[in-house]
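Asks:
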Amino acid sequence: MAKIGILVASAVNNVKLAKRLEELTIEAGHEAELINLVDLDLPLYSTVKEEKDGLPAQALELANKILNLNSFIIVAPEYNGVMPPVLNNAMAWTSRSTKDWRDAFNEKVVALATHSGGGGAKGLQAMRIMFQHLGANILAREILTSYDKPLNEETAKNIIKQLANFS
Numbered sequence: 001m002a003k004i005g006i007l008v009a010s011a012v013n014n015v016k017l018a019k020r021l022e023e024l025t026i027e028a029g030h031e032a033e034l035i036n037l038v039d040l041d042l043p044l045y046s047t048v049k050e051e052k053d054g055l056p057a058q059a060l061e062l063a064n065k066i067l068n069l070n071s072f073i074i075v076a077p078e079y080n081g082v083m084p085p086v087l088n089n090a091m092a093w094t095s096r097s098t099k100d101w102r103d104a105f106n107e108k109v110v111a112l113a114t115h116s117g118g119g120g121a122k123g124l125q126a127m128r129i130m131f132q133h134l135g136a137n138i139l140a141r142e143i144l145t146s147y148d149k150p151l152n153e154e155t156a157k158n159i160i161k162q163l164a165n166f167s
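Residue 1 is where the sequence shown starts when you use UniProt numbering, and the numbers rise one by one after that.
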């Protein structure tokens, strides 16, 4: 049985998508850990903030959770053609909260997902670039839903199966 992390970086429709992916993961016989990055309420990362206040406890907790998982689904909407600030900020703190900045995602398997009202493909591309830079192995298939395009559950089940196999 694999344990798959589901990181969600938004509210409303992306949380609904993340919760459905969590349900499908459990239905497939695997364990899921849903982590809502919005709920962490991390301060905006800057080197000045880090030098002044150190690493926030919630950033260290997030990094430890991520370190203990081998595969992930990242669920985030497209914001202005890229990923939402909360995702980028959480990954900045995570990379600073580990021994080596790539430790959290290096050689781990990641699937990307979005619910977006404005397309979503550019947001997925931005996430792909960031997580590849962090050393993750990104699955080729992505999940892109919108108001007009519901989740293809067969595709989601296949992605979950791949994540479980690789982890």
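Virtual Cβ for every residue (Gly too), placed ideally from N, Cα, C.
Which two residues bound the contiguous alpha helix (DSSP H) that contains H115?
Replies: H115 -> not in any alpha helix (DSSP H); beta strand (DSSP E) instead, spanning V109 to H115.
Asks: Pairing CB atoms from the segment 114-130 with CB atoms from the segment 77-92, are three or more of them under 8 Å?
Replies: Because the criterion of three Cβ pairs below 8 Å is met, the segment 114-130 and the segment 77-92 touch.
Asks: Using only CA atoms, which one of S146, A92, E27 and V48 lies nearest to Q58?
Replies: Closest option to Q58, Cα to Cα, is A92.
Asks: Under a three-way DSSP split, which group does T98 fall into?
Replies: If DSSP states are grouped into helix, strand and coil, T98 belongs with coil.
Asks: Which residue from I26, T94, D39 and I4 puts its Cα closest to that of Y45?
Replies: Comparing Cα positions, the closest option is T94.
Asks: Cα separation between E61 and M127?
Replies: Taking the straight line joining both Cα atoms gives about 22 Å.
Asks: Just how far apart, CA to CA, sit L17 and A28?
Replies: One C-alpha to the other measures close to 17 Å.
Asks: With H, G and I counted as helix, E and B as strand and the rest as coil, what does DSSP make of V48?
Replies: Correct three-state label for V48: helix.
Asks: Suppose the cutoff is 7 Å on Cβ atoms and the five residues either side in sequence are ignored; what does the same chain contact list for T155 look like?
Replies: Here the set comprises R141 and I143.
Asks: In whole angstroms, give me the CA-to-CA distance for T145 and T47.
Replies: Answer to the nearest angstrom: the Cα atoms are 36 Å apart.
Asks: Just to confirm, are A136 and K99 a CB contact at a threshold of 8 Å?
Replies: No; because the gap between Cβ atoms is not below 8 Å, this pair is not in contact.
Asks: Along the alpha helix (DSSP H) that carries V15, what are the first and last residues, could you check?
Replies: Run containing V15: N13 to E27, per the alpha helix (DSSP H) assignment.
Asks: Suppose contacts are defined by Cβ-Cβ distances below 8 Å. Is A111 in contact with I159 by that definition?
Replies: Yes; because the gap between Cβ atoms is below 8 Å, this pair is in contact.
Asks: Per DSSP, E33 forms a beta bridge with which residues?
Replies: Bridge partners of E33: G5.
Asks: Less than 8 Å between the beta carbons of Q162 and L134, yes or no?
Replies: Not closer than 8 Å, so no.
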